[in-house]
Amino acid sequence: MHKVILIIIDGLAHEVARHSLGYLLAMTEAGRATGYKLQCELPALSRPLYETILTGTRPVDHGVVHNGVVRLSNETSLFHLAQGAGLTTAAAAYHWMSELYNRAPYDPLRDRFTQDPQLPIQHGIFYHQDDYPDSHLLVDAEWLRQSADPDLLLIHPMNVDHAGHQFGLDSSQYRNSARRFDLLLADYVPRWLQQGYQLMITSDHGMNRDRSHSGALPEEREVPLFVLGSAFSHDRHAHPRQTELCGTLASLLGLDHHKPQCRELLI
1 MHKVILIIID GLAHEVARHS LGYLLAMTEA GRATGYKLQC ELPALSRPLY
51 ETILTGTRPV DHGVVHNGVV RLSNETSLFH LAQGAGLTTA AAAYHWMSEL
101 YNRAPYDPLR DRFTQDPQLP IQHGIFYHQD DYPDSHLLVD AEWLRQSADP
151 DLLLIHPMNV DHAGHQFGLD SSQYRNSARR FDLLLADYVP RWLQQGYQLM
201 ITSDHGMNRD RSHSGALPEE REVPLFVLGS AFSHDRHAHP RQTELCGTLA
251 SLLGLDHHKP QCRELLI
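See the structure below:
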């Protein structure tokens, strides 16, 4: 069993990640991280792909096919598997994560700060504004990590996606938002690795030049994946799929499951 941190950088296209994430690229050059290019499932929208990443199921199968589907997941998520096995779960994330796995609809007075061992996401700090600062989110996540000592921690920043919707794929604002989060991560990743965490960093979908996403353009579908930690194989020839991320993390956590996984990613 390994402790896991999953980071979903909302709306980050691989086209931008491959040259803007200087710290993660430096870790890759140093042999301490390995990067891949994934193709996200369709439609390339946030709520459907949160569900895909966290359950290993395609949107056309799990039924969350657009952002307006506000209900609890009908699938067994990574959080359900971990909580059912007696592990501790936590998330610093956008409120749609709470609506998928804890309670729907989201009530900020009830759900923003969550401490409930009976819920799939037992410890949560959820936010409900797209411009909630990524710097604050990482503080939230680190507070959860230190206070709850979770086996599974989800960190989900929204500022890159927010900048993309305001200014588009080709904008300095979008690229600089990605750069800022990458440099914020540089203050946290070394301590997480030192304490034995396995890190998976990816995105749900990309961004197009129309300041939106949902379709099949490469800039909408191609997203980054970085893995850091001693339990990963760091096989550069692996070909992970977005539907295999849940199962791969479940295996890292030592969980019994029947989710699809990319065995090439693991030792």
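In the UniProt record's numbering, the protein residues as written are 1 to 267.
Quick reminder that beta carbons are idealized off the backbone N, C-alpha and C, glycines included.
A buried status is given to residue 27, since no fewer than 16 other beta-carbon atoms sit within 10 Å of its beta-carbon.
Taking the CA atoms as reference points, residue 38 sits about 30 Å from residue 106. The beta carbon of residue 116 is closer than 7 Å to those of 122 in its chain, skipping five residues each way along the sequence. By alpha-carbon distance to residue 80, the top candidate from 262, 261 and 250 is 250. If the five residues before and after residue 85 are omitted, its C-beta is found closer than 6 Å to the C-beta atoms of 255, all from its own chain and listed in chain order. Look at the beta carbons and you see the segment 188-199 touching the segment 225-235: at least three pairs across the two are nearer than 8 Å. Where residue 29 is concerned, the enclosing alpha helix (DSSP H) starts and stops at 22-29.
In this chain, residue 181 is not harboured by any beta strand (DSSP E); it is covered by the alpha helix (DSSP H) spanning 172-185. Straight-line spacing of the CA atoms in residue 51 and residue 31 works out to 31 Å. If you draw a straight line from the Cα of residue 47 to the Cα of residue 267, it is about 31 Å long. Excluding five sequence positions before and after residue 186, the CB atoms of its chain that fall closer than 8 Å to its own CB belong to 23, given in chain order. With respect to the 8 Å criterion, residue 90 and residue 137 are not classified as neighbours on the basis of their beta carbons.
Taking C-beta atoms as the reference points, residue 165 and residue 126 fail to come closer than 8 Å. No residue range can be given for residue 117, since it is assigned to no beta strand (DSSP E) and is classified by DSSP as neither H nor E. For residue 265, there is no enclosing alpha helix (DSSP H), as DSSP gives it neither H nor E. The continuous alpha helix (DSSP H) containing residue 82 extends over residues 78-84. Following the DSSP letters along the chain, one finds residue 227 inside the beta strand (DSSP E) bounded by residues 222-228. Going by C-alpha positions, residue 19 is about 14 Å away from residue 219. Within the same chain, Cβ atoms closer than 8 Å to the Cβ of residue 175 are found at 16 and 20, the five residues on either side in sequence being excluded. A straight-line Cα-Cα distance of about 8 Å links residue 253 and residue 152. Contact check for residue 243 against residue 265 fails: the beta carbons are separated by 8 Å or more. If you check the CB distance, residue 223 and residue 205 come in under 8 Å. In the three-state scheme derived from DSSP, where H, G and I count as helix and E and B as strand, residue 198 is classed as strand.
According to the DSSP secondary-structure assignment, residue 91 is paired through a beta bridge with 124 and 154.
In chain order, 39, 40 and 44 place their CB closer than 6 Å to the CB of residue 221, counting only its own chain and leaving out the 5 sequence neighbours on each side.
DSSP, read as helix, strand or coil, puts residue 36 in strand. Collapsing the DSSP output to three states places residue 49 in a helix.
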